[in-house]
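Undergrad: Going by the UniProt record's numbering, the sequence shown opens with residue 1, and the numbers climb by one from there. Just so you know, even glycine gets a beta-carbon here, dropped at the ideal spot from N, CA and C.
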Amino acid sequence: MQTSDQHAESGAAGYDFRAIQERWLPVWEELRPFEANDAAAGGGRPRKYVLDMFPYPSGDLHMGHAEAFCFGDVLARYWRGRGYDVLHPIGWDSFGLPAENAAIKRGVDPREWTYANIAQQKASFRLYAPSFDWSRVLHTSDPEYYRWNQWLFLKLYEKGLAYRKASWVNWDPVDQTVLANEQVLADGTSERSGAPVVKKKLTQWYFRITDYADRLLDDLDALEGQWPAKVLNMQRNWIGRSTGAEVEFEIEGREAKVPVFTTRPDTLYGATFMVVAPDSDLAAELAASASPEARMRFQEYLAEAQKQSEIDRQNADRPKTGVFLDHFAINPVNGERIPVWAADYVLADYGHGAIMAVPAHDQRDLDFALKFELPVRVVVEVRGEDGEPLPDPAESGVATAGDGILVNSGPLDGLGKAEAIARAVEVLEERGTGRAAKTYRLRDWLISRQRYWGTPIPILHGAGDSNAGEMRPVGEAELPVRLPASEGLDLKPKGASPLGAATEWARVIDPETGEEWTRDPDTMDTFVDSSWYYLRFLSARDDTQAFDPELARRWGPIDQYAGGVEHAILHLLYSRFITKVLHDLGYLDFEEPFTALLNQGMVLQDGAKMSKSKGNLVEFASELREHGADALRVTLAFAGPPEDDIDWADVSVQGSAKFLARAWRVADDVASEPGAEFSAGSTELRRHTHRLLADAPGLVEQYKFNVLVARLMDQVNVTRKAIDSGAGAADPAVRESAEATAMILSLFAPYTAEDMWAKLGHEPTVALAVWPEPDPALLVEDEITLVVQVNGKVRDRLTLPASVSESEAETAALASEAVQRAIGEREIANLIVRVPKIVSIALR
1 MQTSDQHAES GAAGYDFRAI QERWLPVWEE LRPFEANDAA AGGGRPRKYV
51 LDMFPYPSGD LHMGHAEAFC FGDVLARYWR GRGYDVLHPI GWDSFGLPAE
101 NAAIKRGVDP REWTYANIAQ QKASFRLYAP SFDWSRVLHT SDPEYYRWNQ
151 WLFLKLYEKG LAYRKASWVN WDPVDQTVLA NEQVLADGTS ERSGAPVVKK
201 KLTQWYFRIT DYADRLLDDL DALEGQWPAK VLNMQRNWIG RSTGAEVEFE
251 IEGREAKVPV FTTRPDTLYG ATFMVVAPDS DLAAELAASA SPEARMRFQE
301 YLAEAQKQSE IDRQNADRPK TGVFLDHFAI NPVNGERIPV WAADYVLADY
351 GHGAIMAVPA HDQRDLDFAL KFELPVRVVV EVRGEDGEPL PDPAESGVAT
401 AGDGILVNSG PLDGLGKAEA IARAVEVLEE RGTGRAAKTY RLRDWLISRQ
451 RYWGTPIPIL HGAGDSNAGE MRPVGEAELP VRLPASEGLD LKPKGASPLG
501 AATEWARVID PETGEEWTRD PDTMDTFVDS SWYYLRFLSA RDDTQAFDPE
551 LARRWGPIDQ YAGGVEHAIL HLLYSRFITK VLHDLGYLDF EEPFTALLNQ
601 GMVLQDGAKM SKSKGNLVEF ASELREHGAD ALRVTLAFAG PPEDDIDWAD
651 VSVQGSAKFL ARAWRVADDV ASEPGAEFSA GSTELRRHTH RLLADAPGLV
701 EQYKFNVLVA RLMDQVNVTR KAIDSGAGAA DPAVRESAEA TAMILSLFAP
751 YTAEDMWAKL GHEPTVALAV WPEPDPALLV EDEITLVVQV NGKVRDRLTL
801 PASVSESEAE TAALASEAVQ RAIGEREIAN LIVRVPKIVS IALR
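(1) On the DSSP letters alone, give me the boundaries of the alpha helix (DSSP H) that Gly-655 sits inside.
(2) To the nearest angstrom, how far is the alpha carbon of Gly-11 from that of Pro-26?
(3) Where do the N-terminal and C-terminal ends of the beta strand (DSSP E) with Trp-92 fall, by residue?
(4) From the DSSP secondary-structure annotation, give me the bridge partner or partners of Trp-517.
(5) Note down the Cα distance separating Ser-4 from Ser-725, rounded to an integer number of angstroms.
(6) Which partner residues does Thr-799 have in the DSSP bridge list?
(7) Name the residue from Ser-280, Arg-318, Pro-319 whose alpha carbon lies nearest to the alpha carbon of Leu-302.
(8) Indicate whether Gly-322 and Phe-372 have their beta-carbon atoms separated by less than 9 Å.
(9) Tell me, to the nearest whole angstrom, how far the beta carbon of Leu-446 is from that of Gln-150; I am working on the premise that it is less than 8 Å.
(10) For Ile-239, count neighbouring C-beta atoms within 10 Å of its own C-beta (all shown protein chains included) and say buried if the count is 16 or more, exposed if not.
(11) If you measure between the beta carbons of Ala-802 and Ile-784, is that distance less than 9 Å?
(12) Along the chain, where does the alpha helix (DSSP H) containing Val-74 start, and where does it finish?
(13) Taking 8 Å as the threshold, find out whether the region 303–322 comes into contact with the region 252–261 through three or more Cβ pairs.
(14) For Pro-774, does the three-state DSSP call read helix, strand or coil?
(15) Excluding the five sequence neighbours on either side, which residues of its own chain have a C-beta within less than 7 Å of the C-beta of Leu-161, listed in chain order?
(16) With contact counted as at least three CB pairs below 8 Å, one residue from each stretch, are the region 214–222 and the region 288–296 in contact?
(17) Can you list the alpha helix (DSSP H) stretches of 4 or more residues lying completely in the region 601–656, in chain order?
(18) Identify every run of the alpha helix (DSSP H) within the region 150–237, keeping only runs that are complete inside it and at least 4 residues long; order them along the chain.
(19) Between which residues of its own chain and Leu-406 is the CB-CB distance below 7 Å, once the five residues before and five after are set aside?
(20) In this structure, how does DSSP classify Ala-842 when only helix, strand and coil are distinguished?
(21) To test your reading of the DSSP string, which unbroken beta strand (DSSP E) runs of 3 or more residues are found completely within the region 432–485?
(22) Say yes only if the C-beta of Gln-204 is nearer than 8 Å to one or more non-hydrogen atoms of the ligand ZN, and no if none qualify.
(23) Give me whichever residues DSSP pairs with Asn-830 in a beta bridge.
(24) Would you identify the three-state DSSP class for Met-713, choosing helix, strand or coil?
(25) Determine the direct distance from the alpha carbon of Asn-233 to that of Arg-377, and round the result to whole angstroms.
(26) With H, G and I counted as helix, E and B as strand and the rest as coil, what does DSSP make of Gly-824?
(27) Who are the near neighbours of Ala-424 in its chain, counting only those whose CB is closer than 8 Å to its CB and skipping five residues on each side?
(28) Between the C-alpha atoms of Gln-299 and Val-346, what's the straight-line distance to the nearest angstrom?
(29) In chain order, what residues of the same chain lie with their CB nearer than 6 Å to the CB of Ala-540, ignoring the 5 residues before and after it?
(30) To which residues of the same chain is Ser-466 closer than 7 Å at the C-beta, ignoring the five residues directly before and after it?
(31) In terms of residue numbering, what span does the alpha helix (DSSP H) encompassing Trp-28 cover?
(32) So the alpha helix (DSSP H) Phe-527 belongs to, where does it begin and stop?
(33) Could you tell me the boundaries of the alpha helix (DSSP H) in which Glu-736 lies?
(34) What residue from Val-508, Val-427, Leu-745, Gln-363 has the CA that sits closest to Ser-396's CA?
(35) Does the distance from the CB of Leu-786 to the CB of Val-734 come in under 9 Å?
(36) Which of the three DSSP states is assigned to Phe-132 in this structure?
Structure representation (structure tokens):
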């Protein structure tokens with residue numbers, strides 16, 4: 001290890017980022033300064049768990065990674081500088097379709113492609129120098145990790161939260177696998193392949209996340225101010241809780257009643273027909289008992305509906321289509337017989353796949369009713385701005401969807417909306433035909449994937465005469481259920497999991513009974529892997545448990561999480577769900593995984609997202625080679641607020657490098673010894689240093705990294721002026737400033753800061769140096785600078801005592817010759833004094 005004295009000799013030449021990087025990387029690797037202390041006492045220091053969303057190994061790191069891991073590392077280094085023991089681990093989210101597709105394309109094993117990319121990214125990380133605890137590295141594709149995915153599945157299965165059912169699912173026709181609702185983009189395409197998503201009926205595994213819908217929604221309130229408002233709103237909208245009533249409709253010839261959810265049970269008297277989703281089980285059942293002609297029409301209609309995306313089906317401007325199912329339902333509040341239709345504007349997974357149609361007060365229902373000549377009955381009298389009732393929708397073609405007074409509604413007549421809803425629920429409950437209810441946009445989490453490169457689902461299916469149709473979980477002692485070798489398997493997408501063809505792997509004989517079983521052929525959604533990985537970091541080398549609950553109590557929940565906003569719904573929602581489940585199972589004493597969240601923007605080039613096809617790709621590796629890690633990190637931090645996009649065409653890496661060289665030279669010029677007494681002439685520089693120390697924590701905790709970099713640049717300039725004048729380099733205030741600069745600069749430029757620290761005579765590492773507290777006496781201003789504006793233009797800056805009163809400030813401003821010239825012969829219309837900032841004078 002290199003000492004500070006040895007460094008002083010070797011670092012006497014000019015600033016050379018390559019030499020500095022080569023000097024300090026081996027020192028850090030020998031010292032391993034960022035390994036967190038798990039001990040119960042923790043060395044007496046408070047703890048912080050800072051986590052970056054772990055990367056996917058799709059190749060080398062890119063500029064998006066450079067930005068994301070820069071910001072996360074700033075926060076981890078900051079809390080160490082504040083005296084905390086910080087856990088800041090790293091791993092790889094290494095299962096999933098991209099690896100499998102890339103391996104298929106190249107004709108290699110997914111393992112080979114994945115782990116080669118991990119090695120490349122690890123080498124790039126090493127040079128980029130995030131302060132990771134490398135002793136806890138994990139890869140989700142290691143059996144040592146996915147064993148605990150399977151354990152987690154079994155825990156949910158035991159609790160009734162993992163189940164298997166046949167249903168219509170989102171199908172990616174390119175990747176030949178199912179998608180969760182959250183993986184279908186707003187335009188109806190797959191976020192994976194970009195192909196239009198179609199519906200397919202399959203038997204799949206689900207996690208019952210809807211059981212936690214209320215908690216997932218209500219607990220967001222506690223994250224206000226800690227998570228971006230945008231993310232909180234996205235989660236609230238995705239969960240989409242609606243309150244209303246569940247109404248039971250009888251269908252003639254069918255014993256079981258059909259439950260229909262509505263947010264407006266007060267409009268039940270206006271329900272003149274029922275609509276069911278054509279791809280629902282109910283529609284198929286009713287069509288099966290319809291006339292042959294109706295059955296044929298239904299089958300033709302269903303085939304057409306299945307070609308449409310959900311987005312298209314919900315487009316309000318589409319012409320309405322549908323078929324009569326040859327059945328009638330009974331309106332439960334008035335006994336009216338109403339026809340049952342199948343129409344594609346109703347979705348199978350909304351409620352129970354059926355709605356009551358109130359055409360007078362819903363535009364889609366009205367459009368359908370007018371096309372097929374169905375009754376339209378007004379039950380809510382809505383008045384316009386002139387106080388007159390709005391036109392009858394049957395004549396105007398416009399549904400009246402506003403609030404109003406109930407009419408044509410029996411016991412609800414004359415009531416307003418709120419009272420009518422409450423009374424309608426009472427009527428339903430009195431008659432035993434309905435009840436108050438809630439529904440959600442959120443659907444249960446579909447976790448099955450028909451692909452190879454993922455966690456095998458630990459369930460066995462009966463394959464013999466005595467156990468046919470049975471399912472049983474794999475015993476915990478038999479975990480992990482390892483993936484078979486890919487050799488000999490056709491991994492190409494074909495609609496069925498490649499694991500089904502691994503016959504030797506799939507066949508299981510019970511040693512006690514001799515019964516034959518087959519393994520479930522599907523693998524888990526990789527969002528299962530990332531839903532709890534933050535806990536595995538606590539016990540990354542523990543082969544006896546997924547994580548140590550005591551360590552989770554010491555470290556959890558995550559104090560600071562950093563990553564892209566693209567994970568606002570999927571990953572964050574699933575992590576919150578799994579955390580709540582583990583809490584309920586007694587493994588955790590907290591229910592929310594991430595206390596504070598930082599989302600970074602994108603790195604663009606010339607206003608567009610970087611891509612090889614556009615020819616605007618800026619390569620992380622080349623920028624790292626040309627400019628060095630520190631200049632790259634400072635540039636990203638200085639470019640603007642973290643949540644904003646950065647256009648690489650608008651930034652200056654060279655400018656950052658010049659700043660780092662100036663800072664480095666300041667440390668080289670310090671001539672005073674540590675502990676020397678400050679002179680009276682040092683006060684101005686010392687005030688500047690202590691204001692920086694006082695302001696830096698707030699700037700970091702508010703994510704104002706760019707402002708803090710600007711303050712460091714200013715500090716270096718002020719210190720350089722002090723060196724070049726007065727007591728110069730021998731002034732102890734210069735040393736104090738250089739040391740404070742090195743400590744704070746280490747957040748952004750660890751190599752340069754470490755070299756400065758060594759120049760100043762300290763042993764490594766500056767990253768563990770606790771920031772000094774600012775001296776309150778040096779934060780008291782003796783003087784202020786008061787800006788004087790006349791008609792919005794700055795005319796003078798007055799240096800006045802800090803104790804100046806408003807009247808004294810006004811007198812001084814009006815006495816200024818520059819201000820008097822600006823006023824001239826004109827009359828003052830208004831004069832505002834705001835000590836200590838400004839005097840504003842408006843003239844007539």
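TA: For this structure:
(1) 653–669
(2) Caution applies to Gly-11, whose pLDDT of 43 falls short of 50 and renders its modelled position unreliable; the model cannot decide the point.
(3) 89–92
(4) Gly-462, Val-508
(5) Because the pLDDT at Ser-4 is just 46, under 50, the model does not fix this residue reliably, and the value given afterwards should be weighed accordingly. Near 28 Å, if we compare the C-alpha coordinates of Ser-725 and Ser-4.
(6) Thr-785
(7) Ser-280
(8) yes
(9) Going by Cβ atoms, the distance from Leu-446 to Gln-150 rounds to 18 Å, so no, they are not a contact pair.
(10) buried
(11) yes
(12) 63–81
(13) no
(14) coil
(15) Phe-207, Arg-208, Asp-211, Val-581
(16) no
(17) 620–627, 629–638
(18) 213–218
(19) Asp-266, Val-379, Val-380, Leu-412, Asp-413, Gly-414, Leu-415, Ala-420
(20) strand
(21) 434–440, 459–462, 471–473
(22) Looking at this structure, you won't find the ligand ZN or any other ligand, since it has none at all.
(23) Ala-842
(24) helix
(25) 37 Å
(26) coil
(27) Ala-245, Pro-265, Asp-266, Leu-268, Val-333, Leu-412
(28) 17 Å
(29) Arg-136, Leu-138
(30) Glu-515
(31) 17–31
(32) 526–530
(33) 732–745
(34) Gln-363
(35) no
(36) coil
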